[in-house]
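Chains as they are written, first to last, in our numbering: chain A, -17 to 343; chain B, -17 to 343; chain C, -17 to 343; chain D, -17 to 343. Backbone N, C-alpha and C fix where the C-beta goes; we use that ideal spot for every residue, glycine too.
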């Protein structure tokens, strides 16, 4: 299976950046779940390009639901989201039809598809394809929220500027979800935007780190082999374009710890087993322990930069240089944040439905 | 699907630490591939506990192949590896039947399986279950090697001591595969072992980082959604007990880079497109670009330590303390290294067979 | 996975009979395969209702491809087919919102989806959903044909009237594929249509049997367990609404044979191993033997009839009677025939790509 | 996935007829389910060859459980069943190493595996591999029975002799499950055995039909696309060697019915919706309706017969003749019956756990 992911809840993605439409099919949603089209639109707007820190390409990103919803609720059969492409200026991409952009999938797509790929705007490799995830994820996020499970992602780092880490997770998630530029420490926003603008001024781009937290997950979800919660989440997260690292809880910091620091001691508080620390990020032996799930994704800098780059001509294999024009984001980490929330919701909802047969835990 | 992973090539794991036997079923191997039982035994020995830095539990780890091999070659039908458990001292685990060990899966297993799990020695959550992966992986490693694809993992960091990074990957892999304690820089071995022994003396344990490289992968393997090479590798890697972070190429270091540093420029050398740098770790848009695949796994410290720890009694939920006895590893990163090689081989062989229908690229 | 089927080639179906649109996503098609929109339209017309023997509902069934095709060829990424619903007269279905139609899925859908299902026109259970299979199947049929593999289905029986069985399969398939009412023996058409009209005059409906043949399949495709060619074909065929029986080769007639009659002796003719008889329907041990694949599907009579029927009211569980109005087919076997061809093509193409990594055998 | 089948409950089969051992891994069983080794042994004995009507090869078929059971109950992790091969007389198979037996998989295996297959006794294609299904199925049957769901199969036809059809299904299943030769009408046994002995006397074999019923399945299980209950059951059933036809309810008899006869009217009796007739075999729109599930499997005559047959020599492709010796069954339909029960239990338990997250409906 390629463009489909999930078991009880599965999402199928389709579309190319400059084709007719992109979208998603969300299958397996239990019947009778309310579908709030306003919330979907709101989530779509969080993914949109905004202001000077984003690409000049502006898409309405209106989501049309063509199946699976009846009288405002899920029917239990596949929900199809269609998002038409409108602001496509394919003329910008002339040279890019044959010169592989460094950091992009142009070369690998050419090898894999033998030249038949839709190269315009990155085709099916475009970050634009994540719009389908956001639409489908909005339905999942609502369903989880109605069951007490909330998800939030902040920009932990962007262009070398750091936000504070999560503190009280339930409260912090509440701070994030309406923000266009999701940071916990308000002062981080201006500094990060300044770093983005500085890179933009240089015809360059910046990377960053997203940190996601999930509050309210029941304990006992996941498998020891091979579908650990880390496995299924990372599988989905690493398919978000530009994500090159995923770590849970203390993650790479575990490498420098001793077991006595690393282990999270258990404690019974009010008949609920909790841990004071949460180095394990809410997952032990691949299975949720009832504490918040916390993970971080490394996001590489947008590969489309305006500086001249060395590359090869795919038509004859010769070395050449490339000067990218067109409309591009000097940073994508702020736009990728809602994608992280959405894909996390889809994965966790799938895990819950696999475990309980329904969404009610 | 739970204990089965893969598409064209799939591995199923079974067994508990103190049960009769553990093992694996390897399905989908093309027919006619030589199976070298000596190489399997050699790989098993790399996973074994050795000397003072490992647990005192010594298992023969003899692998019995009960199906799928005929006249020394794969038949094309499932290959079953059985490894009997012998040196089980279940009497050591008395108290652990009801007190959850911090950092272990005891609590989460108890929630998930409602008390029916085989708690002895961690049961199905034990690192011992990885022996099945090593047996199956040995067959995959041989098959890949015969096709020019080699894999090696070194201990990049252990107990705060760092090995050098990969340099010339083809040569470096050659240095690693026979080593019991796999480091590139010989002097790192003693320092790491000293760090492990220091922790052991304190009744404590250490974590580390494994770095894996794959040389010889053809370009064009993987999918844009959702089965990116990063996705399928991380899915498998995160199911290795204690792995809590996975990053490809520059990974989390991408967060501080600009696009102009991050992008790997393409260059045609002798009619082969290469990149001078390899920040992307050999994967662009989820698809191999023909350069070495490079990734790192964060390994948390062994959770079994001899210091007293705070926990809860699973029988009545009351707070209590726990003093682990038994036989345990003060570090597992050196033993996990062959597991990383093995699971990487299984995943990549699956990708190759999915793409070409056979192992010959 | 629910509405998605296949491995290397997978199809996802969506839509409801009276919703905005129905369609399919076809994933995994190798890149560079020509897509002939005229052929798709022609296949769609074979599924359409025609004349007095079919429902009065007339749908344009225009297929819009919104992704995965570029410059007339497959890109290698998902192909999405959208078919808008136009001639929906939902007012006809008033009483059917709460009275379960015997032979239909109304009752079982109500149990499964708890009343949230889109009941209009059978919703997602409608035979109309097969239009997506026909669109996707057309692409698969073309690709197979270009590789020498042809598929044809005839109406072996309808309303008690029998067509002749397949004789020279290659020639017979050639006779069938342009026919609107696919029979091998021309005289069978009028008799079958007369049987349909007679049932219609009685407010009743008829069932039948479809017989499908595949010529040109290479030997060696399929698995002994569990993905025998019979298994994967029957899995797909039994999801066509109204199919209640599937048999391969001699099928149920095997029950009365002795081994000496049943076994197909092998014979080498011109360096190709053939069998004189083909009782096994081209499949031995779950694997193709290079002879034509032949199977039959039993199709139950259209459950929508105009006679009064006994049923229950889903709102209160009370016994009641039901008189179906609306527009319905007195037979569907002739319309299901192109669905059988299409789904067979999708399944076999998947098997070929799984085996060879591409479509070229 | 090849030798693994199922979603929430999955079974993996391994082994060859004359290898060291055969067996199965049963994954996904909920934890805490009692495992009755006596019942497993009893089911194994129903599959064994008995008396003059079966092969002279006698296997102890002792099932050793090496994982997944602790204190007599399932742990929730994979259950592995190992059955050693003992009575293997491979010397009987000399000529069969290179002459393809008509009706067997020798030729197709040779094409698929290029000569590396274990040809002895049919290798992985042997009916002997079904022993693993019977062992795993026994656990599933017990679990279903404890939840009020019972399954039974009778020999509807063998060698041209017919048993009566199911009447009162709950009672009839009770009549069948301890019988070694499962018929409903006692007089049918002798007649069928006589037909088998007559064929044996001629060096020939007979086929038959198995009819299976399931009582107690809840309504609302299954999917409209593609995992209809018919689809998943037929997928599994067609992987039983020798099954060449599967029909549900009226099956192929539907072809001659009119809708008014075919439709099963609904009726509320004691607040439960039932149907007086059960032509649909308990499945409407792919979903269970709460009535008994009823289906039939056509079983082809054992292909191993003692009459001389025409075939080809696989080593040089030349036409030759073959006289099979060795030990073979003149009929397998009576031995396949417990395999049908077992695989049905595995499939339906998977469906139930997928739907409810656990076995309790």
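Residue-level contact to chain B via CB, residue i, 8 Å cutoff
| i | result |
| --- | --- |
| residue 99 of chain D | yes |
| residue 90 of chain D | no |
| residue 394 of chain D | This structure cannot speak to residue 394 of chain D, because chain D is shown only from -17 to 343. |
Residue i: contacting residues in chain D (beta-carbon distance under 7 Å)
| i | result |
| --- | --- |
| residue 7 of chain B | -6, -4 and 7 |
Three-state class that DSSP yields for residue i in the structure shown
| i | result |
| --- | --- |
| residue 284 of chain A | coil |
| residue 139 of chain D | strand |
| residue 301 of chain C | strand |
| residue 44 of chain D | coil |
| residue 80 of chain A | coil |
| residue 4 of chain D | strand |
| residue 210 of chain A | coil |
| residue -5 of chain A | strand |
| residue 166 of chain A | coil |
| residue 132 of chain B | strand |
| residue 17 of chain C | coil |
| residue 10 of chain B | coil |
| residue 101 of chain A | coil |
| residue 205 of chain B | coil |
| residue 192 of chain B | strand |
| residue 289 of chain A | coil |
| residue 277 of chain C | strand |
Cutoff 8 Å: residue i Cβ touching any chain A Cβ
| i | result |
| --- | --- |
| residue 50 of chain D | no |
| residue 314 of chain B | no |
| residue 16 of chain B | no |
Within-8 Å CB hit, residue i to chain D
| i | result |
| --- | --- |
| residue 112 of chain B | no |
| residue 245 of chain A | no |
| residue -12 of chain A | no |
| residue 339 of chain A | yes |
| residue 3 of chain B | yes |
Residues that residue i contacts on chain C, provided the C-beta gap is smaller than 7 Å
| i | result |
| --- | --- |
| residue 199 of chain D | Per Cβ cutoff of 7 Å: no residues; residue 199 of chain D is ~12 Å from chain C at best. |
Partners in chain B for residue i, counting only beta-carbon separations shorter than 7 Å
| i | result |
| --- | --- |
| residue 95 of chain D | 13, 57 and 58 |
Chain-ordered neighbours of residue i on chain C, where CB pairs are closer than 9 Å
| i | result |
| --- | --- |
| residue 106 of chain A | 49, 50, 57, 58, 59 and 60 |
Beta carbon proximity, residue i to chain C, threshold 8 Å
| i | result |
| --- | --- |
| residue 131 of chain D | no |
| residue 208 of chain D | yes |
| residue 109 of chain A | no |
Chain-ordered chain A contacts of residue i [CB-CB under 7 Å]
| i | result |
| --- | --- |
| residue 275 of chain B | Correct list: empty, because the minimum Cβ distance to chain A is about 12 Å. |
Minimum Cβ-Cβ distance from residue i to chain G less than 8 Å
| i | result |
| --- | --- |
| residue 77 of chain B | Going by chain labels, chain G is absent from the structure shown, which instead holds the protein chains A, B, C and D. |
Amino acids of chain C, ordered along the chain, whose beta-carbon sits closer than 8 Å to that of residue i
| i | result |
| --- | --- |
| residue 342 of chain A | Near residue 342 of chain A there are no residues of chain C at all, since even the closest Cβ is about 12 Å away, more than 8 Å. |
Inset, instruction - Say whether the region 298 to 311 of chain C touches the region 35 to 43 of chain C, bearing in mind that this needs 3 or more beta-carbon pairs closer than 8 Å, one atom from each stretch. - result: yes
Inset, instruction - Please list the segments of the alpha helix (DSSP H) lying wholly inside the region 233 to 270 of chain B, counting only runs of 4 or more residues, in order along the chain. - result: 241 to 244
Legend entry - Inter-stretch contact at 8 Å, needing at least 3 Cβ pairs: the region 47 to 59 of chain A / the region 265 to 275 of chain A: Of all C-beta pairs linking the region 47 to 59 of chain A to the region 265 to 275 of chain A, fewer than three are shorter than 8 Å, placing the two stretches out of contact.
Legend entry - the region 215 to 223 of chain D / the region 200 to 214 of chain C touching (three or more Cβ pairs under 8 Å): yes
Inset, instruction - Let me know the beta strand (DSSP E) ranges lying completely inside the region 20 to 69 of chain B, each 3 residues or longer, listed in chain order. - result: 45 to 49 and 61 to 66
Legend entry - Contact between the region 288 to 308 of chain A and the region 119 to 129 of chain B (3+ Cβ pairs under 8 Å): no
Inset, instruction - Could you tell me whether the region 160 to 176 of chain B touches the region 105 to 114 of chain B, where touching means 3 or more Cβ pairs closer than 8 Å? - result: no
Legend entry - Three CB pairs or more closer than 8 Å across the region 278 to 289 of chain D and the region 219 to 239 of chain D: yes
Legend entry - Segment contact, 8 Å Cβ cut-off, at least three pairs: the region 190 to 210 of chain B with the region 128 to 144 of chain B: yes
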